[in-house]
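Working notes, structure below.
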Amino acid sequence: METTEKDILRGGQFLVKETKCEDVFTLEDLNEEQKMMRESTKEFVDRELWAHWERFEKKDYAYTEECMGKAGELGLLSIAVPEAYGGMGMGFVSTMLVCDYISGATGSFSTAFGAHTGIGTMPITLYGTEEQKQKYVPKLATGEWFGAYCLTEPGAGSDANSGKTKAVLSDDGKYYSITGQKMWISNAGFCNMFIVFARIEDDKNITGFIVENDPENGISLGDEEKKLGIHSSSTRQVFFSDTKVPVENMLSERGNGFKIAMNALNVGRIKLAAACLEAQRRVVNEATKYANERIQFKTPIINFGAIKAKIADMATNAYVDEAACYRAAKNIEDRIAIREASGNSHQEAELKGVEEYAIECSILKVAVSEHVQHTTDEGIQVFGGMGFSADTPMESAWRDARISRIYEGTNEINRMLSVGMLVKKAMKGHVDLLGPATAVGEELMGIPSFETPDFSELLSEEKDLIARLKKVFLMVAGSAVQKFGPDLEKHQMLLMAASDILIQIYMAESAILRTEKNAKRFGEEAQAAQIAMSKLYLYRAVDIIQQKAKEGIVSFAEGDEQRMMLMGLKRFTKYTNQPNVVELRTQIADKVAADSGYTFD
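Numbering follows our numbering, in which position 456 of the sequence shown is assigned residue number 495; successive positions increment by one, without gaps.
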């Protein structure tokens, strides 16, 4: 069925429009070609990466480079590259899929892979001229060349547009001389080409350039950084001293660098979320295997409730994260297809398609990076003393997970962005928040219904609760916008609280829709554990939303307004039938234990 514009929600509209389960894409919807791609990616990872995980911990940079070359030979670096430039030209979901399954064994390789395919290659495919694409992209697609991305500077981190690196046009107008210092540059030690951001004269915004890595052209590297994790990811400072770059190597137009950087980060964020999925599955697998085998007090430790709770929570996070990531990926793919069908170029369609869902990309980046940190932490705990030992992969998984909350924009920046972008979309009329927020305000003034709803249908109470949680967000964010207007962005603590409500709604709803869709086609019995995971996650989400909403309400409202909103919060977060949390966790953990690991993907 062809997707039409009216069928798919625009970015952020999940808050104010109901999504039917039939309209979401899930991992269970993969076609045969995608399933084969997944299998071949997993085979590569098991053979080349997982089997040698200790090499990555010993700062074996050469091995990372060697594995990148092998990935290139298998075509794994070219999934997102259009066929015209030697790539496979696959859709957005397929690029997510490969990014997901290639990233689970070691953060060192997944960082190299992400930096090369994402921010190293993608800016040229999306912003390059035809000549630039013909010259560079085929080499990057095969792994003959590797790419890196030079944005961050010692004084320009989250404030990326404040970089001091200069680009000065030569007298004859043929080249720019670039001078400056970049830091935290992934792949710097083995790349052939950099995407470099520099400022021309006193331009308000930076400009992007494609710079070939030639040490004789004023390019030098700092030592490999000593890092907490991702030990075999080459991370170095890069120094440019009068590096000559032909004018035809400017990327896009002058002053467009900040826009390129921000759009690259949108894609980077959802891909980073994907890159944290397989890591979670593997941690669940290792923890389950260990808990099944480890005997204490004459019984495998998997039989203890304290361990079951951990396994259940870890598996639940992975399941929910998959649901949300692939839901958004398919939305982006559909939006790209709609734009191409209406005459946009591939470049324009992909840029606008991803930009449309920038809110969801930020939500996913925050949620999944925090879940992978929690999962690896609990993985260590299940292993006990052995988990703290560098002889088991739990310790390195925990260290590698830590960077994901920092790069592609810190989670704090992304929290504020998600709400900030939503408010901007509302002001532009792309998402109607005002209407629904006003309706919620009127509902608070009205008399609540005391009828007991009919929740006999599967997940009907959960869906009703999700609809009410959206009202919580509209109530809190709506009042905050009314009170502070454009100054809201200065109230960072309120934005952070609002974003946590937004994040939990998107993640919980995604899981429920995935489960509902699959229960309808595979039967409820086959989805028993998935139903339990969806209910468990929602229960936890309600707790977080109650806490964050209360924090916001008591901080910016007072008197009658505060009392009314707190009553509304109670009403909107109320269960008719509380779930039995211990039973849910036991059911999930028993299923994972019986399957010897995570089998929901």
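A virtual CB, placed ideally from N, CA and C, is assigned to each residue, including glycine. Keep in mind the model is a prediction, meaning the values are calculated, not measured.
Rounded distance between the beta-carbons of residue j and residue i, thought under 8 angstroms
| i | j | result |
| --- | --- | --- |
| T431 | M353 | Actually they do not touch by this definition, with Cβ atoms about 16 angstroms apart. |
| S133 | G126 | Going by Cβ atoms, the distance from S133 to G126 rounds to 11 angstroms, so no, they are not a contact pair. |
| I47 | D471 | Rounded, the Cβ-Cβ distance is 16 angstroms, inconsistent with contact. |
| K347 | R624 | 6 angstroms |
| E251 | K221 | That pair is no contact at about 15 angstroms. |
| F88 | C106 | Reading off the sequence shown, one finds Leu at residue 88, where the question assumed Phe. Indeed, because the Cβ distance is near 6 angstroms, the residues count as touching under 8 angstroms. |
| E447 | L311 | 5 angstroms |
| A368 | F131 | 6 angstroms |
| K587 | A536 | 4 angstroms |
| M301 | I398 | At roughly 14 angstroms, the Cβ-Cβ gap does not stay under 8 angstroms, so M301 and I398 are not in contact. |
Residues near residue i in its chain [Cβ-Cβ closer than 6 angstroms; skip 5 each side]
| i | result |
| --- | --- |
| N450 | V405, R444 |
| I402 | S457, I542, Y545 |
| A440 | V411, Q412, T415 |
| G128 | P121, E122 |
| A547 | Y576, L577, A580 |
| K464 | G51, V470 |
| T204 | G219, A237 |
| I551 | L498, E501, S573 |
| D139 | A313, L316, E317 |
Residue i versus residue j - alpha carbon distance
| i | j | result |
| --- | --- | --- |
| T168 | I540 | 42 angstroms |
| A376 | K265 | 43 angstroms |
| L304 | I158 | 8 angstroms |
| T477 | A318 | 42 angstroms |
| F645 | S142 | Residue numbering for the chain in the displayed model covers 40 to 640; residue 645 lies beyond these limits and cannot be assessed. |
| K556 | V359 | 14 angstroms |
| I486 | R366 | 36 angstroms |
| A195 | K178 | 30 angstroms |
| K391 | T338 | 56 angstroms |
| N226 | V277 | 11 angstroms |
| K109 | E93 | 19 angstroms |
| D198 | L190 | 10 angstroms |
| L165 | A565 | 42 angstroms |
| K467 | G296 | 24 angstroms |
| E112 | F83 | 11 angstroms |
| T638 | V323 | 10 angstroms |
| R275 | A633 | 45 angstroms |
| K174 | E501 | 53 angstroms |
| K81 | E395 | 31 angstroms |
| G182 | F523 | 51 angstroms |
| A363 | A314 | 13 angstroms |
| I505 | G261 | 50 angstroms |
| E263 | A151 | 14 angstroms |
| E563 | M135 | 28 angstroms |
| D640 | K609 | 36 angstroms |
| D599 | P618 | 33 angstroms |
| F148 | R602 | 52 angstroms |
| P475 | R553 | 25 angstroms |
| L605 | E409 | 28 angstroms |
| F53 | S549 | 10 angstroms |
Contacts around residue i, its chain only, beta-carbon distance under 8 angstroms, and the 5 residues preceding and following it disregarded
| i | result |
| --- | --- |
| F611 | R507, L508, K510, V511, M514 |
| K349 | A326, E417, Q420, V421 |
| D503 | P492, F494 |
| M40 | Because the pLDDT at M40 is just 42, under 50, the model does not fix this residue reliably, and the point stays unresolved. |
| E170 | E287 |
| G294 | I239, D242, K243, N244, I245, T246 |
| V620 | L575, Y578 |
Own chain residues within Cβ distance below 7 angstroms of residue i, not counting five before or after
| i | result |
| --- | --- |
| E104 | F229 |
| Y329 | V421, F422 |
| A628 | K347, I350, A351 |
| V306 | G157, M161, V393 |
| I249 | I163, Q171, Y175, M232, I234, N288, L290 |
| I299 | P162, Y166, G247, L290, S291 |
| Y214 | K283, V284, P285, V286 |
Item checked: the stretch 368 to 388 in contact with the stretch 286 to 293 per 3-pair CB rule at 8 angstroms -> Counting Cβ pairs under 8 angstroms, fewer than three are found: no touch.
Taking only runs that begin and end inside the stretch 432 to 466, name each unbroken alpha helix (DSSP H) of 4 or more residues, in chain order.
Segments of the alpha helix (DSSP H) lying fully in the stretch 432 to 466: 432 to 441.
- prompt: Any chance the stretch 263 to 283 sits against the stretch 78 to 98, with 3 or more Cβ pairs inside 8 angstroms?
  reply: Touching, yes.
Ignoring anything shorter than 4 residues or poking outside the stretch 144 to 194, list the alpha helix (DSSP H) runs there in chain order.
-> As far as the stretch 144 to 194 is concerned, its whole alpha helix (DSSP H) runs of at least 4 residues are 146 to 153, 161 to 166, 169 to 181.
Are the stretch 556 to 573 and the stretch 61 to 80 touching by the rule of at least three beta carbon pairs closer than 8 angstroms?
-> In short, these stretches touch, since the Cβ pair count reaches three.
Minimum length 4: unbroken alpha helix (DSSP H) runs contained in the stretch 283 to 341:
Taking only runs of at least 4 residues, the alpha helix (DSSP H) segments lying wholly in the stretch 283 to 341 are 296 to 314, 316 to 332.
Item checked: Segments assigned alpha helix (DSSP H), at least 4 residues, entirely inside the stretch 54 to 83 -> DSSP runs (the alpha helix (DSSP H)) wholly in the stretch 54 to 83: 71 to 83.
Output the residue ranges of the alpha helix (DSSP H) runs that lie fully inside the stretch 505 to 529 and measure 4 residues or longer, sorted by chain position. Taken in chain order, the stretch 505 to 529 contains no complete alpha helix (DSSP H) segment of 4 residues or longer.
TODO: Please list the segments of the alpha helix (DSSP H) lying wholly inside the stretch 332 to 402, counting only runs of 4 or more residues, in order along the chain.
DONE: For secondary structure counted as the alpha helix (DSSP H) over 4 or more consecutive residues, the stretch 332 to 402 holds these complete runs in sequence order: 344 to 380, 385 to 395.
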